[in-house]
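A quick write-up on the structure given underneath.
2 protein chains.
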Amino acid sequence: MLAAELAATPIGSEVSLAGWMHRRRQLSGVSFLVLRDRSGLAQVVVKDGGLRAAVAALGEESVVTVHGMLTASPAAPGGLEVVGTRLAPITEPALTPPVQLWRPSPQEGLPTRLDHAAVALRHPRSRASWQLAAASVHGFRTTLESAGFTEIATPKLVGMATESGANVFELDYFGRAAYLAQSPQLYKQMLVGVFERVFEVGPVFRAEPHDTVRHLAQYTSLDVEFGFIDYHHDVIAMFRAVLAGMLRSVRERAADAVELLGVDVPQVPEALPVIHFRDALRRVGAAEDEPDLEPAHERALGAWAKEEHGSDFLVVEGYPMAKRPFYTHPQPDDPRWSNSFDVLFRGLELSTGGQRLHRPADYRAALATNGQSAEAFSAYLEAFDHGMPPHGGFAIGLERWVARLTGAANVREVTLFPRDLHRITP
Amino acid sequence: MLAAELAATPIGSEVSLAGWMHRRRQLSGVSFLVLRDRSGLAQVVVKDGGLRAAVAALGEESVVTVHGMLTASPAAPGGLEVVGTRLAPITEPALTPPVQLWRPSPQEGLPTRLDHAAVALRHPRSRASWQLAAASVHGFRTTLESAGFTEIATPKLVGMATESGANVFELDYFGRAAYLAQSPQLYKQMLVGVFERVFEVGPVFRAEPHDTVRHLAQYTSLDVEFGFIDYHHDVIAMFRAVLAGMLRSVRERAADAVELLGVDVPQVPEALPVIHFRDALRRVGAAEDEPDLEPAHERALGAWAKEEHGSDFLVVEGYPMAKRPFYTHPQPDDPRWSNSFDVLFRGLELSTGGQRLHRPADYRAALATNGQSAEAFSAYLEAFDHGMPPHGGFAIGLERWVARLTGAANVREVTLFPRDLHRITP
């Protein structure tokens, strides 16, 4: 049985558990061990001399089976402990771990924990962070599947010119140059022509030359794109539904992780507050020709959204066209601005989205304005030549989302085996 | 509303649809158009002269809205048609498509369809193939989530020596060599130490130098790994549960695709038939020292499984250790053979799986036997030094699975934007 199932088991039952010896404490007449399995922790008390010697010999992280009797113990976590009657290793004793997994919070520095990720990720707080990620992805998918979206899998090896051209990994593809996809943007748009509503959960790659707490060379992108919208507010409404679904799933499927990490799970307002970029600049006292929001601006806007709207989320719409990629749809009544948006979560960028161009002539004009060749995008432009509805979408970086939820200072804290400028192993 | 919702709408209702003009037919006094949306097709009849001119002007694949009255029409598909009263383009008329999407089966050769994938994938048969894929993935995930598995996302950029070393894409990673992951094998094993039960749906990369109908440079791998098994038959039982879940989801969520493509959805026996490799060789009359099964052998075994066990699936266990990767667990009573298996689906390999080594000393011995350096695997070996339970898993290639379900001659037929020796666009 699982550790988490003990709470629903009658006191006095014979129980069997299997897992890792998470912690040992040897007192003068009794030994305690904490067993860890995929469901959580269970305290086992061992009084028999032979069993106590076995516990002493096995060491932390040894994989064992434990048999015993479930007893009430007000001092134990959850008020339950197993009085051990048999204990056996499943494999040979484990070596002493390179990190101390039993401490309530990891004491080692991040580089040490990343070097020893195969073991360090077993720490309950690291496990819990990823459980938030897995629950979020579950909520993302189920919300979209319920709304008629089709899950897609797009090429990560691309020969087509990519979105921006900068920070791209190049590789030798059977003697030709190819690139790792920085996003599924162009593919998800083409597939709106096929399925109308699509989403993808997959890796994206950025050859990010800066060493920051927010950037990774590979991260998991949650991508959405759909057709037959009127304008970008339909995309914002879908973003809101997806966000609510992700948070509902976090509450329902990762309640233990929420509790362990002390996550303040945000409420999602019925409608997310929206401010125009132009007004956002005014509100933070920035010059009206600023092309982007600085981090301090985003923090100030986040605080304002919380105070004024009681919302942890704020949508900033209308970013200047000059700073947005070529496929961005302009604001119809004033083409200096765009029908695109960023979503701030507690004052930090969480997602970028918007309405895209859908008329082929608009694409060719936008590429020309950007100094990019239409020829390089010919396979993509075919989708628009042959009928594309008004459409839009957004993307959420999974690891960054979890970092914001948990308040992690560094996105690497919540990533399985992060990749960056300096790190390609383990 | 959606085309598929017409069947549940009262005759005589005013209806509005939006989608692509899939087909037009202009008769002497009346025009028919077939509208395609994400749910399917709807027939619209147009009698008014002005509307008929609009239909003639717009051309196939134009994106339109149609208003009209739902009427019973025994001659129409589904016995229903919409008598159009208004029709308006949402964007300008589409150019003539490079492929004829309205034909019941695509008439163009595969290279043409792949060159024009942005449009060719709109063909109802191509869409349906991917709907089988999406439904399969849904069933894969829900089965595993119900069984306590955690979804993971592992690095696709790896610096560690990879599984086999052959057919690997190399890239420049900030001035160092890195590789694209050929499978999440080593990572999913390490994560068994963290979550016990893990799965991943993600891209894998093979620099496959052969031009075959079965190989792609990128495909979607459905990966499973879990701990606390007794031996590989526990893995086969989990494979069977996942397979049943995938097929249930195909039946429930892709019924239209199954019907359109005439898919013979296989039944899954309560227990999959299993034959030992040694006995499989005998059965097909191969020499007893053959290290692998040839395609003709697999076909013969598939036919035998169908005849003898009434099963479209056959598990071949015990493949020779000499042909399996270093992490493979030997058969305890005869280490020439392994606790690994292949699953044949209608006589073709669908999945490979098995029990893995879990003792650190066994890993070091296996690497030495293979002439591989333990140093190169040090981060991975840490997981075993610090306590790993007996474990195993399997992988299924999504596109190959769909190709077998549909009987597609070439896996590219059922892949969104396939990648191979010759193709990196679109």
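Same order as they appear, the protein sequences are chains L and G.
So for the first sequence, the numbering used here puts the first residue at 1; every next one is plus one.
So for the second sequence, the numbering used here puts the first residue at 1001; every next one is plus one.
Glycine included, each C-beta is placed from N, C-alpha and C at the ideal position.
Cβ neighbours of L/A18 within its own chain (closer than 6 Å, five residues either side excluded): T65. In its chain, beyond the 5 residues on either side, E61, P97, P98, V99 and L101 have a beta carbon closer than 8 Å to the beta carbon of L/V119. When secondary structure is reduced to three states using DSSP, L/R25 falls in the strand class. Residues A1178 of the same chain have their beta carbon placed closer than 6 Å to that of G/L1171, with the five preceding and five following residues left out of the count. Between G/L1272 and G/I1229, the C-beta gap is not smaller than 8 Å, which leaves the two residues out of contact.
An exposed status is given to L/H422, since fewer than 16 other beta-carbon atoms sit within 10 Å of its beta-carbon. If you draw a straight line from the Cα of L/L2 to the Cα of G/A1408, it comes to about 44 Å. A check of alpha carbon separations from G/D1333 across G/G1084, G/G1318, G/P1360 and G/V1015 identifies G/G1318 as the nearest.
Any Cβ of chain L closer than 8 Å to the Cβ of G/T1150 would place that residue at the interface, and such an atom is present. About 4 Å separates the beta carbon of L/R197 from that of L/F149, a gap short enough to meet the 8 Å contact definition. Secondary structure note for G/R1036: its beta strand (DSSP E) is the uninterrupted segment S1031 to D1037.
Close to chain G, meaning a Cβ-Cβ distance shorter than 7 Å, are the following residues of the segment 36-70 of chain L: D37, R38, E61, S62 and V63. In this structure, the CA atom of G/G1109 is about 15 Å from the CA atom of G/F1417.
Residue environment: L/S28 is assigned as exposed (fewer than 16 neighbouring CB atoms within 10 Å of its CB, all protein chains considered). The beta carbon of L/T328 sits no closer than 8 Å to any beta carbon of chain G. Neighbourhood of G/A1383 in chain L, by CB distance below 8 Å: A118 and V119, in chain order. L/V343 has its alpha-carbon roughly 6 Å from the corresponding atom of L/L314. G/L1398 is the residue among G/N1410, G/L1398, G/E1413 and G/A1383 whose C-alpha sits nearest the C-alpha of G/A1133. Taking a Cβ-Cβ cut-off of 7 Å, G/R1346 has no neighbours in chain L, whose nearest Cβ is about 23 Å from it. Straight-line measurement puts the Cα of G/L1243 at about 10 Å from the Cα of G/S1249. Secondary structure at L/E208: coil, using DSSP grouped into helix, strand and coil. When secondary structure is reduced to three states using DSSP, G/W1304 falls in the helix class. Under the Cβ criterion of 8 Å, G/W1401 is not counted among the residues facing chain L.
Those residues of the segment 68-99 of chain L placed with their C-beta closer than 8 Å to a C-beta in chain G are I90, T91, E92, A94, L95, P97 and P98, ordered along the chain.
Judged by their CB atoms, L/M321 and L/W337 are nearer to each other than the 8 Å cut-off. Ranked by Cα distance from L/G84, the first of L/R52, L/P93 and L/D279 is L/R52. Between the C-alpha atoms of L/V30 and L/R36 there is a straight-line separation of about 20 Å. L/K188 counts as buried, since at least 16 other C-beta atoms from the protein chains shown sit within 10 angstroms of its C-beta. Between the segment 196-210 of chain L and the segment 134-149 of chain L, the count of C-beta pairs closer than 8 Å reaches three or more; the two stretches touch. When the beta-carbon positions are compared, L/F345 and L/D312 come within less than 8 Å of each other.
Contact of G/F1417 with chain L is assigned, a C-beta pair being separated by under 8 Å.
Here the C-alpha atom of G/F1032 lies approximately 13 Å from the C-alpha atom of G/S1073.
Across the structure, L/R25 and G/G1354 are spaced so that their CA atoms are roughly 37 Å apart. For L/P155, the closest of G/P1106, G/Y1219 and G/P1330 by C-alpha to C-alpha distance is G/Y1219. Ranked by Cα distance from L/G175, the first of G/F1341, G/L1114 and G/A1207 is G/A1207.
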